[in-house]
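Worksheet for the structure shown next.
Number of protein chains: 4
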Amino acid sequence: MTVFDPVLDPRLAELRDRVRDFVRDEAIPAERELVDSGAEPTEELRRRLQAAAASAGLLSPTAPRRWGGLGLSMSEQAVVLTEAGYSLLGPLALNCAAPDEGNMHLLHRVATPEQQEKYLAPLAGGAVRSCFAMTEPSPGAGSDPSMLRTSAHWDGGAWVVNGRKWYITGADGAAWTICMARTPEHAGSPAGATMFLIDADNPGMRIVRHIDSLDRGFVGGHCEVLFTDCRVPPEAVLGEVGRGFAYAQVRLAPARLTHCMRWLGLAQRAQDMALDRAAEREAFGSRLADLGMAQQMLADNEIDLAASRALIAHAAWLMDRGERASAESSIAKTFVAEAVGRIVDRAVQLHGALGVSHDLPLALFLREVRPFRIYDGASEVHRMSIAKRAVRRRTAARGPQ
Amino acid sequence: MTVFDPVLDPRLAELRDRVRDFVRDEAIPAERELVDSGAEPTEELRRRLQAAAASAGLLSPTAPRRWGGLGLSMSEQAVVLTEAGYSLLGPLALNCAAPDEGNMHLLHRVATPEQQEKYLAPLAGGAVRSCFAMTEPSPGAGSDPSMLRTSAHWDGGAWVVNGRKWYITGADGAAWTICMARTPEHAGSPAGATMFLIDADNPGMRIVRHIDSLDRGFVGGHCEVLFTDCRVPPEAVLGEVGRGFAYAQVRLAPARLTHCMRWLGLAQRAQDMALDRAAEREAFGSRLADLGMAQQMLADNEIDLAASRALIAHAAWLMDRGERASAESSIAKTFVAEAVGRIVDRAVQLHGALGVSHDLPLALFLREVRPFRIYDGASEVHRMSIAKRAVRRRTAARGPQ
Amino acid sequence: MTVFDPVLDPRLAELRDRVRDFVRDEAIPAERELVDSGAEPTEELRRRLQAAAASAGLLSPTAPRRWGGLGLSMSEQAVVLTEAGYSLLGPLALNCAAPDEGNMHLLHRVATPEQQEKYLAPLAGGAVRSCFAMTEPSPGAGSDPSMLRTSAHWDGGAWVVNGRKWYITGADGAAWTICMARTPEHAGSPAGATMFLIDADNPGMRIVRHIDSLDRGFVGGHCEVLFTDCRVPPEAVLGEVGRGFAYAQVRLAPARLTHCMRWLGLAQRAQDMALDRAAEREAFGSRLADLGMAQQMLADNEIDLAASRALIAHAAWLMDRGERASAESSIAKTFVAEAVGRIVDRAVQLHGALGVSHDLPLALFLREVRPFRIYDGASEVHRMSIAKRAVRRRTAARGPQ
Amino acid sequence: MTVFDPVLDPRLAELRDRVRDFVRDEAIPAERELVDSGAEPTEELRRRLQAAAASAGLLSPTAPRRWGGLGLSMSEQAVVLTEAGYSLLGPLALNCAAPDEGNMHLLHRVATPEQQEKYLAPLAGGAVRSCFAMTEPSPGAGSDPSMLRTSAHWDGGAWVVNGRKWYITGADGAAWTICMARTPEHAGSPAGATMFLIDADNPGMRIVRHIDSLDRGFVGGHCEVLFTDCRVPPEAVLGEVGRGFAYAQVRLAPARLTHCMRWLGLAQRAQDMALDRAAEREAFGSRLADLGMAQQMLADNEIDLAASRALIAHAAWLMDRGERASAESSIAKTFVAEAVGRIVDRAVQLHGALGVSHDLPLALFLREVRPFRIYDGASEVHRMSIAKRAVRRRTAARGPQ
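Here you go:
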């Protein structure tokens with residue numbers, strides 16, 4: 064079975080249809096609020112939408128069943144998250160948006176039972192939000208994680224974190240964050256990076272500001288966060304000391320794939336709007352749908368959508384088989400981020416001036432999808448990795464010459 | 064001489080340098096206000112900037128000297144307007160922004176002396192603003208001007224205009240508009256379209272709303288404007304009855320070229336920011352400027368800039384020789400609109416998350432330039448014209464087969 | 064299972080490995096002959112390679128087992144034909160090249176038992192070659208099949224075919240052709256098109272010339288073929304009279320997908336050469352593999368390859384489930400034809416002057432893959448279909464507005 | 064005056080028209096020979112065409128008048144060489160093809176009067192051909208000239224050259240070559256590279272082979288040339304010892320621009336063929352010229368042609384003013400090489416199967432233009448230079464921060 068054919072699995076088909084109805088009835092109508100305010104979704108909106116999703120039995124599709132989620136596999140997520148992404152507010156409503164969705168995955172994989180009880184349970188239940196503090200402003204860790212400057216040292220039985228993070232999505236209002244910091248050798252652990260679970264009410268953690276950004280679709284915004292002598296106990300360490308970069312990979316590969324799923328849904332929405340426009344609008348004596356240049360844009364959208372879906376499905380299927388799929392998810396992310404941008408751009412173009420007006424949500428989509436070519440690894444960084452991996456694989460396959 | 068070498072003309076070089084200094088000292092600092100407010104420039108800001116420009120002797124570079132402008136040729140405008148466009152607020156400050164700049168040109172070419180005195184003089188002097196009401200919402204005249212639905216009929220010694228226009232830039236606060244309406248045969252004039260000069264305080268003209276749009280760089284916004292039994296006297300006719308489509312061409316060809324000049328300036332600004340970033344930011348052990356993929360983006364920007372400049376220069380030079388240059392300005396518009404979008408997009412990408420934040424104005428540039436592929440003739444409409452014209456020209460050149 | 068994971072099916076994995084070894088040992092060494100001659104593969108070469116394939120038990124992977132083939136499903140073909148396509152001569156060697164492979168499929172689906180015995184059996188066994196005569200020179204049926212001009216009429220108990228075909232691949236030396244002709248209403252069959260099986264020794268069929276073409280990879284060339292009062296008996300009708308256009312679809316959808324598989328293999332070969340070059344060649348103080356612009360080309364190739372594979376796999380999987388997959392195969396064909404061209408082009412570029420020399424086969428690959436954007440439906444024609452189908456699907460899904 | 068308006072200069076307009084007629088009457092008809100043979104132009108064909116050009120007073124438009132040429136400025140060359148390039152054989156016919164045209168320029172600028180008499184005079188007169196031996200096979204000087212491995216040492220009053228060159232255009236049949244070799248410090252000259260004029264009958268110089276290449280449009284082919292203890296007297300040094308890299312720049316900047324001019328002419332030819340096809344061929348009930356996707360290709364060709372012309376004109380104009388125009392010619396070369404490839408490719412696509420057949424010369428054009436993205440500096444190398452230059456220029460303009 065592939066994710067594209069939930070018809071093979073009637074339960075998945077039924078779930079997909081329920082998500083589709085929910086998105087149409089609850090999420091899409093709420094978008095107007097976003098378009099009109101030009102601001103981030105409010106906490107109140109989140110609570111309202113998530114309550115509706117909980118009533119519909121659709122909350123937290125990616126979270127483990129044990130913590131109240133639907134426990135979907137990656138292939139199943141590809142169906143459901145794409146459907147959710149059909150609205151800008153769908154993933155938030157279903158509690159499967161970034162960064163919470165990625166944090167759930169990471170806690171599920173790495174956290175202790177006590178940490179899961181304390182952090183994962185309320186997150187999966189929609190009681191709280193969280194964030195993930197890795198990226199730093201220049202000259203810190205951006206595209207190149209090895210430039211990490213936030214550090215933690217061991218002092219009197221506690222870790223003390225110092226550093227500045229930015230573009231920390233959802234930080235304002237989050238109950239806690241996972242913070243990545245450079246750590247020295249410690250009690251047998253190697254020097255490296257360590258992830259810490261830090262409660263938002265820790266006096267050493269401070270939200271400096273909301274960064275005003277092209278995209279505004281994330282509740283809690285993109286924030287600058289300062290850690291100043293932020294003391295956390297040893298049990299705040301997520302997993303093991305010194306393994307932060309490895310855990311980042313655990314989080315990143317699936318997280319970038321779920322990003323792709325959600326944005327693919329939005330791209331499908333843009334294309335549906337373009338198809339509707341093409342079927343209705345006339346110019347130069349024809350329906351747009353019968354004009355060659357419009358057909359070309361519509362067809363290129365179909366091709367981009369199909370290739371995006373196929374790349375996502377393949378990577379998801381590999382992950383469900385237990386593989387890392389780093390190469391595949393990196394390729395999918397790079398392609399989908401660019402494809403989604405092209406698709407929305409063509410949909411805007413097909414609408415003419417209406418497309419850049421906020422009478423429709425397309426202009427907002429344009430703003431929301433642009434940063435995806437930068438977030439979660441800029442396209443250039445992924446391409447560098449993809450090329451290096453390909454050269455290594457080929458060189459290994461050839462053996463000594 | 065070409066516009067690229069004002070050194071050949073010391074006066075032009077000196078003018079360019081003064082514009083450059085003015086933009087750096089007055090226009091760029093004022094941009095922060097736009098970025099922070101997320102709103103259109105205010106009338107107050109316009110007045111402040113234009114007063115500064117007037118003091119500097121730089122007001123209205125495209126307006127005839129007779130009306131207080133600098134009376135520059137198109138080739139000279141290519142130098143000065145590009146320099147002005149280096150800031151989002153430069154053209155407004157110098158009173159050479161759309162739509163006023165195009166209206167000045169049209170009035171200069173078509174209006175009666177009385178109309179020039181009444182409308183052109185205060186416009187060129189920065190005392191008032193104006194707008195140009197041609198585009199209509201679906202199913203009216205958008206890409207295809209032949210779908211014009213606004214109409215005027217002759218009734219008791221006056222013209223009575225009825226219709227709905229939208230995306231009328233600068234309408235709110237404008238002293239008057241030029242309105243394009245379909246007219247029947249009248250007193251020897253053929254049926255067709257006619258342009259009317261309509262004062263904003265005419266009770267038949269009403270600003271319905273500001274259309275919330277992806278771009279917000281125009282003072283007075285993009286408005287929806289309703290004409291309801293709007294009565295205007297015979298002397299409100301601009302030029303001759305029935306010649307509206309011909310006058311639209313008079314306005315459009317140079318207006319789209321001055322658009323190109325201004326946006327080219329902004330693209331140059333984005334590239335300068337990208338070059339600075341590349342020279343300063345390090346990643347993966349190198350300056351960005353030494354990384355191949357960054358070099359490729361920087362080089363592609365240089366190429367796009369050079370080709371844009373050259374196409375603009377060539378069309379301007381033809382116009383200065385008295386040619387229509389419809390084909391050339393259409394080609395320039397199509398290329399430049401797309402090139403400018405690519406250039407700003409690459410500059411954003413080179414800045415990573417900083418590029419999509421409003422800490423820099425780049426994200427705003429991205430929003431402002433996107434609609435240029437739609438305004439003043441969508442790229443698809445220009446391509447259709449370019450192709451048809453090329454086929455006709457070739458067929459004529461071959462003669463009978 | 065997907066085609067990408069033959070490891071899940073040890074028999075398929077084993078078959079793939081044997082094809083890989085065969086291609087490396089037999090097909091690739093024979094390519095030099097093609098490169099040096101600049102000519103089509105000879106009949107002698109075909110017989111030699113197919114004899115080797117038969118010895119290796121690899122002949123006719125797509126043909127039914129009943130006729131001596133391997134009877135692979137489309138998903139299995141995706142593995143094996145891609146592997147075969149790794150050499151320009153691999154598909155010919157395995158007897159799964161166009162047009163024979165498509166003809167086998169069509170005969171298997173549509174022909175009578177007698178026709179299968181007479182035509183399919185020797186074709187699947189490699190005893191003869193065949194061709195498919197549909198395309199016509201201007202103003203006949205090219206991109207637009209409705210412009211079909213070849214016609215047949217019923218005369219004295221026989222069909223009489225008249226018309227001119229061109230770009231008939233493999234015609235010279237083929238034992239027979241399937242010829243598409245316009246037919247009138249006949250004995251209860253509707254007017255339309257009919258397919259005829261015509262033996263090459265029919266005096267009414269004549270090979271006019273080999274068309275000298277950019278690509279030369281097909282044995283028997285691309286020929287112009289003239290049918291002049293070509294009489295064939297009623298049993299020459301393939302399937303039913305008047306259903307030719309429907310049968311063309313039966314042939315085309317899978318045939319374009321197997322085309323994609325084969326060319327994908329060649330693209331993978333080009334990429335492997337590019338990876339080898341990048342790992343070995345130094346310039347500007349680095350290995351090419353460490354230069355950003357080279358990495359970008361290599362990564363773009365990986366992305367194009369992955370997306371091509373995924374689109375092919377998805378369409379093949381649908382076909383194996385009994386679906387037509389017209390939309391999916393059309394999308395795959397359009398994307399893959401363009402992707403393959405890009406991949407080979409980048410591989411050439413990475414090799415510099417060596418890439419355009421015939422010291423390597425890359426320049427030949429460049430010539431061979433270019434026409435794929437035209438053959439089997441030009442990209443533009445596919446895009447038109449893709450767009451129309453999408454508009455129809457969306458309009459139907461929305462229901463009455 | 065710009066090159067685009069020879070009407071301003073009646074003599075230039077008249078010259079252009081004569082070249083146009085000559086190309087139509089002499090060069091284009093001779094192309095069929097090339098298409099049919101698939102081989103390089105023969106020496107016999109060169110002599111025949113150049114005799115006709117000499118009769119028409121059109122020989123050697125770029126050579127100084129003193130040596131029998133027309134002594135055109137770069138801007139004038141832009142008119143005439145583009146016109147010549149309208150046929151693959153036009154530049155050869157007029158004796159303004161590579162590499163002779165570049166060698167004439169270099170000798171004119173650097174050679175001694177004696178060298179000019181001996182080498183330039185017969186070259187400009189069409190009596191002999193020449194070549195330019197710089198490029199080396201891997202791991203020598205390709206994209207990166209600093210990897211030069213051919214060397215010369217001073218031995219007993221003579222220079223002794225050793226090394227292997229390849230892709231030496233026109234070597235077979237050339238009367239002499241300019242050979243670039245690494246030289247040590249010598250008699251006050253610094254270590255570096257030196258250019259030597261070497262007669263083809265020097266026993267130390269040997270044509271190893273014609274390299275079979277994708278392009279075959281150059282008489283004398285692309286050859287591999289071996290220098291083995293090749294002794295040349297001191298007066299064989301072109302210019303000064305140790306200044307070879309500087310002279311390479313003297314030759315390269317204008318030579319790459321004249322390349323652009325010639326290929327632009329061929330691209331114009333391809334577009335004219337596409338326009339003719341679009342006006343004549345029908346499909347789907349319309350002329351191609353009325354189908355949107357065809358219009359898009361035709362329009363993109365017009366845009367690419369216009370931008371190419373404008374970039375060439377600007378660089379030529381700068382050179383005529385005495386500037387190096389390295390940046391501008393590098394930008395022009397990169398853009399034009401890619402644009403020309405796109406234009407020919409689109410023209411092929413618009414012709415369908417006919418476009419890839421050799422019934423038309425388009426498929427040959429496709430082969431001939433592809434290497435231009437590699438020759439004279441691969442696009443990637445130019446982009447690296449363009450980016451570095453831009454960063455340096457910007458950094459200098461900003462001054463200390």
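Chains as they are written, first to last, in my numbering: chain A, 64 to 464; chain B, 64 to 464; chain C, 64 to 464; chain D, 64 to 464. We treat Cβ as the ideally placed atom computed from N, Cα and C, and that holds for glycine.
Query: Cβ atoms of V143/B and P124/B: under 9 angstroms apart, would you say?; Result: yes
Query: In the region 341–370 of chain D, which residues sit with their C-beta less than 8 angstroms from some C-beta in chain A, listed in chain order?; Result: L354, G355, M356, A357, Q358 and Q359
Query: How big is the Cα-Cα spacing for G165/B and F195/B?; Result: 9 angstroms
Query: Have a look at R109/B, D84/B and F85/B and flag the residue whose alpha-carbon is nearest the alpha-carbon of E96/B.; Result: R109/B
Query: In angstroms with no decimal places, state the Cα-to-Cα distance between G418/C and Q331/C.; Result: 16 angstroms
Query: Could you name the residues of the region 394–419 of chain B whose beta carbon sits closer than 7 angstroms to any beta carbon of chain D, in the order they occur along the chain?; Result: I394, T397 and F398
Query: Starting from the beta carbon of G205/A, find every residue of chain B whose beta carbon is closer than 8 angstroms, and list them in chain order.; Result: A346, G415 and A416
Query: Shorter than 9 angstroms from the beta carbon of T458/A to some beta carbon of chain C?; Result: yes
Query: If the criterion is Cβ atoms closer than 9 angstroms, does the pair R433/C and G404/C meet it?; Result: yes
Query: Could you please tell me which residues of the region 275–306 of chain C, in chain order, have their CB closer than 8 angstroms to any CB of chain D?; Result: D275, S276, L277, D278 and H285
Query: Go ahead and pull the three-state DSSP assignment for H273/D.; Result: strand
Query: Can you have a look at E77/A and say buried or exposed, based on whether 16 or more other CB atoms are within 10 angstroms of its CB?; Result: exposed
Query: Nearest-angstrom Cα distance between T198/B and W229/B?; Result: 6 angstroms
Query: For M137/B, would you say it is in contact with chain D, using Cβ-to-Cβ distances shorter than 9 angstroms as the test?; Result: no
Query: So with CB distances below 7 angstroms, who are the chain A contacts of T213/B?; Result: Those do not exist, as T213/B stays about 16 angstroms from chain A at its closest Cβ, beyond 7 angstroms.
Query: To the nearest angstrom, how far is it from the Cα of M243/D to the Cα of R319/D?; Result: 18 angstroms
Query: For the alpha helix (DSSP H) that contains E146/C, what are its first and last residues?; Result: M137 to A147
Query: In chain D, what lies closer than 8 angstroms to M447/B by C-beta?; Result: G355, Q358 and A362
Query: Kindly say whether A141/A, judged by its beta-carbon, lies nearer than 9 angstroms to any beta-carbon of chain C.; Result: no
Query: Note down the Cα distance separating E386/D from Q113/B, rounded to an integer number of angstroms.; Result: 39 angstroms
Query: Can you tell me whether A263/B is buried or exposed? The criterion is at least 16 other CB atoms within 10 Å of its CB, across all chains shown.; Result: buried
Query: Any Cβ of chain C within less than 9 angstroms of the Cβ of V454/D?; Result: no
Query: When Cβ atoms are compared, which residues of the region 217–234 of chain C fall closer than 8 angstroms to chain D?; Result: W229 and Y230
Query: Find the nearest neighbour of G189/A within the set L121/A, S138/A, L75/A and R456/A, judged by alpha-carbon distance.; Result: L121/A
Query: For L155/A, which residues does DSSP report across the bridge?; Result: Bridge partners of L155/A: none, in fact.
Query: Does any residue of chain B have a CB that is nearer than 9 angstroms to the CB of G462/D?; Result: no
Query: Ends of the alpha helix (DSSP H) at W326/C?; Result: G307 to E343
Query: Quick check: the region 178–193 of chain A against the region 309–316 of chain A, are there 3 or more CB pairs under 8 angstroms?; Result: no
Query: Since R227/A is in the beta strand (DSSP E), which residue starts that stretch and which ends it?; Result: A221 to T232
Query: Check the Cβ-Cβ distances between E391/D and every residue of chain B, and say whether any is below 9 angstroms.; Result: yes
Query: Tell me whether M197/B sits in a helix, a strand or coil according to DSSP, three-state version.; Result: coil
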